[in-house]
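Each remark here refers to the structure printed beneath this line.
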Amino acid sequence: MTRPIVAIVGRTNVGKSTLLNRLTGRRVAVVADLPGTTRDRVFASVSWQGREMTVIDTGGWQTKPSTPLEQKVKQQVEAAIAQADAIVFVGDARDGVIAADEEIADLLRQSGKPIILAVNKVDSAKQANQIVDFYHLGMGEPAAISAYHNRGIDELMNTILAFLPPQPISISETRGAKLAIVGRPNVGKSTLLNTLLRDERAIVHELPGTTRDSLDATIRWDDKEILLIDTAGIKRRGRVDAGVDYYSLLRAIQSINRCDVALLLIDASECITAQDMHIAGYIIEVGKGIILLVNKWDLVSKEYREEFKQSLEKRLRFASYMPIIYISAQLGQGVNRILPQAWYVWQERQKRIPRSEVNDLVKQAVSNHPPAHIGSRRLRIIRAYQDESRPATFVLRVNNPQLVHASYQRYLENEFRRGFGFRSVPLKLIFTKASRKINTRTKVKSW
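The opening position of the sequence shown corresponds to residue 14 in our numbering, with each subsequent residue numbered one higher.
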């Protein structure tokens, strides 16, 4: 199953980043790896009415860039549009329609993608008439919103949902694990894929991928069926020149959305970069299994290896459960460890825990270490259970979700891992307010 991609585009300072933050419900960290810009390659997972999607914020689009920086931003926006299933075109109600908006609208129409026109900064009902000018763009009825004040966001999301496929599209009949090899360009994804496929127990058949220029391969390993999702873009790689990093990132997002376990490949000669960290963060955010593969390990001197490992583990403390395998895809060193580890992670992700066991574990955890008081109030957990539709996700009904301290959430996560495993898999705890209405036939006690 794959998540649709929604791209937010528009000229500078119309509120695209504010809209992304509003849709995600939090302030999304901004990647600023291009000098002179504060908005670049920002992406996040968004859920609306049970539908999961990936929303991508883009830099301010200049139709006629005058500097190398503006040219790079333009190329990245075009890459996001090419990969998107739907586009949210954001305008500014205070400025009205200007020439740049008209040029962007003309270019967007050529994409052939569904376009939703959102006019931002309509901060009150009295300002709603400010959107009239945007009808001249010929892009249908504009959605009047205020991303900052949370006005019109529900209506906008309903409109976006109407333009997306009615339900996720199945990509394969493979019942086994789906693995995606992801990472930055030139870290060795193609080499690793070819090394895995050369195994004597390898290819059964090949399947056309849903991402551009990719080829999925179903292989059998130890009598188990595994779908390898190729993100290397071996074919037609020369088509992407400038902006190749961004194109690669978008392809990685699509492949992560499709897989069960992501094999994140990094280059040992560069340790782990900011983009590697952001890809890892997205994998964890969408709840996929993750294995870090440190490639080109043969090029790292033996004297430096221990220092390298310590530095890497320090930077990855936010995901200490993540298994790390040091390999040389070219020489085949360590590659034989990948599929057994991936299958193990896949199995951990499939675990289902009976509700009674979940409740018993939480009860014992609270007894051993009760939540601290916040003023005169204290967190009370009414009941807990595993979510039926999302792997490694647990729902905890509490008296007040705002009383959940980050440190106590980490404590409970550690207790869940200690009791149930879920090793190498992101574990998500969702705290929701318990209903005041309690079934009188059932005694429900808080812990």
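Beta carbons: idealized from backbone N, C-alpha and C, even for Gly.
Asked	Found
DSSP-derived helix/strand/coil call for Phe-10	It is not possible to answer for residue 10, since the shown part of the chain is limited to 14 through 460.
Buried or exposed by the 16-neighbour rule on C-beta atoms within 10 Å, applied to Ile-18	buried
Rounded C-alpha distance that separates Asp-167 from Gly-153	18 Å
For Asn-163, three-class secondary structure by DSSP	coil
Sheet register partners of Asn-133 (DSSP bridge)	Asp-105
Identity of the residues DSSP links to Val-411 by a beta bridge	Ile-394 and Lys-446
Proximity of Leu-416 and Arg-436 at Cβ, strictly below 8 Å	no
Lys-191 - containing beta strand (DSSP E), residue span	190 to 195
Helix, strand or coil at Arg-16 [DSSP, three-state]	coil
For Met-152, three-class secondary structure by DSSP	coil
Entirely enclosed alpha helix (DSSP H) segments - the stretch 327 to 403, minimum 4 residues	351 to 362 and 368 to 381
Assigned secondary structure, Thr-231 (DSSP; H/G/I helix, E/B strand, else coil)	strand
Paired residues, beta bridge with Ala-99 - DSSP	Val-19
Neighbour-count burial assignment, Arg-396, 16 or more Cβ in a 10 Å radius	buried
Whether Ile-158 touches Ala-99 by CB criterion (8 Å)	no
Helix, strand or coil at Leu-440 according to DSSP, with G and I counted as helix	coil
Nearest neighbour of Thr-208, chosen from Asn-349, Leu-169 and Phe-147 [CA to CA]	Asn-349
Rounded separation between Asn-163 and Ile-351 - CA only	45 Å
Cα-Cα separation, Ala-106 to Val-135	6 Å
Assigned secondary structure, Leu-241 (DSSP; H/G/I helix, E/B strand, else coil)	strand
CA-to-CA distance, Glu-326 to Leu-32, given in whole angstroms	34 Å
Supposed close pair Pro-404, Gly-300 - CB separation, criterion 8 Å	6 Å
Anticipated Cβ contact below 8 Å, Pro-81 with Lys-87, distance rounded	With 8 Å as the limit, Pro-81 and Lys-87 do not qualify as a contact, their Cβ atoms being about 11 Å apart.
Thr-204, buried or exposed, once every other Cβ within 10 Å from all chains shown has been counted against 16	buried
Limits of the beta strand (DSSP E) - the one that Thr-67 falls within	64 to 70
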